[in-house]
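Numbering (the working numbering), first residue to last: 3 to 161.
For each residue, glycine too, the CB sits at the ideal point set by N, CA and C.
Report on one structure; see the data block that follows.
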């Protein structure tokens, strides 16, 4: 990924990021330095928090990256998958109902969510909910569209 520009964010932009992530995931992001990185060849922008790519913008909404979600452990907006789904989700597959063991009932269709595995509670991916959280557990159907996952270009990005 080729960097187009990189600059420090203003305090009001930092406050917006902190507020949005707190509202969506129940997480308080702590950091001394927030830098926005824009890419030539990507559809998203990344925010480096103290040099680490912990936040990215999805359709103009700031949200934790997989690395960010593993660093800050979200309290809400979580979809938990079983061991059988791990390899698929880690490869960027959308999340299907049979692989889900639990989902935050506060999730609404269209919300950004984190997908975690049940054994170690590690976040594997970030996606967009296609149904409300109380309708995610079941026998068939796609319920979360994958946006970012372990091993993709964003996950591997570093400066």
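Candidates 82, 14 and 107: closest to residue 101 by CA position: The residue given as residue 101 occupies position 99 in the chain shown. Residue 82 is the option with its Cα nearest to residue 101.
Runs of beta strand (DSSP E) wholly within the segment 11-79 (minimum 3 residues, chain order): Within the segment 11-79, the complete beta strand (DSSP E) segments at least 3 residues long are 36-41, 47-51, 54-60 and 63-66, listed from N- to C-terminus.
Touching by the beta-carbon criterion (3+ pairs, under 8 Å), the segment 38-45 and the segment 64-80: Because the criterion of three Cβ pairs below 8 Å is not met, the segment 38-45 and the segment 64-80 do not touch.
Beta-bridge pairing of residue 117 - partner residues as DSSP gives them: Here residue 117 refers to the residue found at position 115 of the chain shown. Looking at the DSSP assignment, residue 117 forms a beta bridge with 81 and 127.
N-terminal and C-terminal residue of the alpha helix (DSSP H) that residue 91 is part of: Taking the chain shown and counting its residues from 1, one reaches residue 91 at position 89. That run of the alpha helix (DSSP H) goes 88-92.
Buried or exposed (CB count within 10 angstroms, at least 16 for buried), residue 21: For the purposes of this step, residue 21 is taken as residue 19 along the chain shown, with counting starting at 1. Residue environment analysis places residue 21 among the exposed positions, since fewer than 16 neighbouring C-beta atoms fall within 10 angstroms of its C-beta.
Beta-bridge pairing of residue 105 - partner residues as DSSP gives them: Translated into the one-based positions of the chain shown, residue 105 becomes position 103. Under DSSP, residue 105 takes part in a beta bridge, and its partners are 81.
Per-residue burial, residue 85 [other beta carbons within 10 Å of its own, 16 or more giving buried]: As a position in the chain shown, residue 85 is number 83, starting the count at 1. Exposed: under 16 other Cβ atoms inside 10 Å.
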